[in-house]
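The block underneath contains the structure these notes are about, expressed in structure tokens.
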Amino acid sequence: MAAAGLSWPIPASSLPSPPITVATENKPGASWKKYSPVGDCTCAPNFPAISPPMHAMATLKKIESTRQLWRLIRHEPPTFLAKLLKNAAVFGTHKYVLHRHYLTKNIHGYRMQFDLQDPGISRSLLLVGDREREHRFMLKTALKPGMTVLDLGANLGYYVLMEHQLMQHRGRVIAVEPSPYNFRLLKKNIYLNNEEARTILINAAAAAADGTANLYLSQLSNVHSLIAHDVPHPTEQYIAVTTLSLATLQQKHGPIDLIRMDIEGYELVILQSLLELNRATNTPWLPGILFELHPPKYDRPAFNQLLADLDRIGYTARLLACSHKEALAEHNLTVIAGIPTDGTTRYIAENIPLPALQKLALRSRAVLLKATL
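Residue numbers for the sequence shown follow the UniProt record's numbering, beginning at 1 and rising by one.
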């Protein structure tokens with residue numbers, strides 16, 4: 001991906017006129033109900049009662065969980081199983097014997113508090129101790145002391161704290177998280193590690209415009225989404241959340257050097273907003289962008305067009321994380337690392353040309369875009 005001889009502002013003709021659309025409208029279907037919490041909305045959602053069909057689904061999930069566990073063990077060192085059993089014993093003791101709701105654990109040298117009732121990221125980190133190692137590899141490449149990071153979908157703070165650590169506690173992170181429940185734990189974890197002076201905490205969702213939107217709730221705390229389509233483990237409940245545009249976040253908290261986002265398919269809207277901001281300005285704003293890919297939520301032609309437009313304003317795919325090594329080889333890409341994580345091996349390729357990126361992105365896990373201007 002390369003861009004040469006561009007002038008600013010970017011001509012309107014060089015960017016798509018219609019906005020990028022996601023796979024479905026942000027409107028609740030008939031099965032989605034507005035979540036009505038008892039008291040403060042910082043608590044976890046009230047999940048619906050388990051019906052017979054849900055029992056059947058739970059059985060299938062147990063089978064799939066067994067398969068995932070086996071894949072995880074196969075990709076980890078021999079000592080991993082003993083570590084997993086020890087962590088499971090601690091988890092079970094605190095949850096089922098001591099009947100505690102929260103547990104604090106050291107992760108990568110920092111302390112985090114987790115919800116023992118959360119079957120998502122909390123359980124994963126309490127049992128395994130880390131996740132998505134390819135993201136840490138890519139962040140380490142992208143970050144330097146003194147940078148400002150805009151973290152969209154900050155969740156409980158796993159990556160926020162990692163970003164502070166990789167910047168040697170000499171940077172700034174703007175942490176944006178829409179879920180009030182997650183936000184409370186995010187704030188707790190920032191204060192547990194004395195990072196409050198270097199962190200701006202915002203209880204909102206990044207979106208196309210300032211306002212409000214529906215956040216569709218999953219049983220897993222880390223996969224709530226502004227998109228009703230294809231929410232993993234849906235509760236069929238949603239809440240209204242405040243939204244802030246990328247322009248508002250940049251104007252109020254910039255300059256921003258890196259955007260990291262894991263927002264369950266909504267990243268296309270944010271990337272489109274970045275294009276529009278650059279079209280409207282005489283001074284380019286081209287921060288690094290690291291985002292997790294969510295192919296089921298993308299319209300493929302629109303996504304490929306978006307990648308082409310990012311290429312046109314100067315972005316190149318610096319790194320791509322993909323589990324399909326043979327697919328990377330087909331495009332003659334240089335693989336610089338193979339990282340065992342989450343029950344698979346994710347291979348890191350560097351300097352991916354646009355045609356290869358358009359074909360590989362929907363089979364990949366994450367991409368780091370950097371400007372070449």
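Every residue, glycine too, gets a C-beta built ideally from N, C-alpha and C.
Using the Cα positions of residue i and residue j, report the straight-line distance between them to the nearest angstrom.
i: L333; j: V90; result: 43 Å
i: C41; j: H233; result: Legend: pLDDT at C41 = 46, less than 50; position of this residue unreliable, no value from coordinates given.
i: L369; j: L319; result: 7 Å
i: P119; j: I339; result: 25 Å
i: M167; j: K144; result: 5 Å
i: L125; j: F137; result: 18 Å
i: L220; j: L150; result: 23 Å
i: A317; j: V367; result: 7 Å
i: P284; j: H135; result: 26 Å
i: K359; j: R71; result: 26 Å
i: Q96; j: Y102; result: Note on identity: in this sequence residue 96 is Tyr, with Gln being the wrong assignment. So the alpha carbons of these two residues sit roughly 12 Å apart.
i: T281; j: K325; result: 40 Å
i: F291; j: A82; result: 33 Å
i: E76; j: G211; result: 45 Å
i: K86; j: T79; result: 11 Å
i: R300; j: G288; result: 23 Å
i: N182; j: D311; result: 34 Å
i: H169; j: N193; result: 11 Å
i: A142; j: P355; result: 23 Å
i: Q113; j: N222; result: 15 Å
i: G92; j: Q68; result: 20 Å
i: R184; j: H331; result: 44 Å
Which residues in the same chain have their Cβ closer than 7 Å to the Cβ of residue i, if we skip the five residues on either side of it in sequence?
i: R100; result: H94, L116
i: Y35; result: P45, L217, Q237, Y238, I239
i: A371; result: L286, G314, Y315
i: A208; result: S245, V269, S273
i: S31; result: E236
i: I73; result: F80, L81
What whole-angstrom Cβ distance do residue i and residue j have, given they're in contact under 8 Å?
i: L328; j: Y347; result: 6 Å
i: I121; j: L156; result: 6 Å
i: I227; j: N278; result: Not quite, the Cβ-Cβ distance comes to about 25 Å (not below 8 Å), so this is no contact.
i: A88; j: L127; result: 6 Å
i: L215; j: V176; result: In fact, because the Cβ distance is near 13 Å, the residues do not count as touching under 8 Å.
i: S323; j: T345; result: 7 Å
i: A206; j: L246; result: 6 Å
i: S224; j: S179; result: The question names Ser, but residue 224 in the sequence shown is His. About 6 Å; that satisfies the 8 Å criterion.
i: D257; j: T148; result: 5 Å
Hey, could you find the ends of the beta strand (DSSP E) residue i is sitting in?
i: S225; result: No beta strand (DSSP E) contains S225, which DSSP labels as neither H nor E.
i: Y102; result: 102–107
i: K86; result: First-last for K86: 80–92, but that is the alpha helix (DSSP H), not the beta strand (DSSP E).
i: S218; result: 211–218
i: T316; result: 315–322
i: A208; result: Segment: none, A208 is in no beta strand (DSSP E) and carries neither H nor E.
i: residue 380; result: Residue coverage of the chain in this structure runs from 1 to 373, which leaves residue 380 outside it and unanswerable.
i: P180; result: Segment 180–192 is the alpha helix (DSSP H) holding P180; no beta strand (DSSP E) there.
i: Q117; result: No beta strand (DSSP E) contains Q117, which DSSP labels as neither H nor E.
Considering just the uninterrupted stretch of the alpha helix (DSSP H) at residue i, what are its terminal residues?
i: M147; result: Taken as a continuous stretch (DSSP letters only), M147 belongs to no alpha helix (DSSP H), as it is neither H nor E.
i: D311; result: 300–312
i: Q250; result: 246–253
i: T141; result: 133–142
i: M162; result: 158–166
i: N351; result: No alpha helix (DSSP H) contains N351, which is instead part of the beta strand (DSSP E) from 344–352.
i: A327; result: 325–330
Using 8 Å as the threshold, is the C-beta distance between residue i and residue j below it?
i: Y110; j: L186; result: no
i: R172; j: R131; result: no
i: T242; j: A204; result: yes
i: L271; j: L249; result: no
i: D309; j: L275; result: yes
i: R260; j: Y158; result: no
i: G343; j: K297; result: no
i: T341; j: R133; result: yes
Within the same chain, show all residues whose beta-carbon is closer than 6 Å to that of residue i, passing over the 5 residues directly before and after it, in chain order.
i: I174; result: L150, I200, H253
i: L362; result: P295
i: residue 438; result: Absent from the structure is residue 438, since the part of the chain shown begins at 1 and ends at 373.
i: I202; result: V176
i: E195; result: H164
i: G129; result: none
i: E267; result: M261, F291
Within its chain, find whatever has a CB closer than 8 Å to the CB of residue i; leave out the 5 residues flanking it on each side and keep chain order.
i: T104; result: R111, M112, Q113, F114, L192
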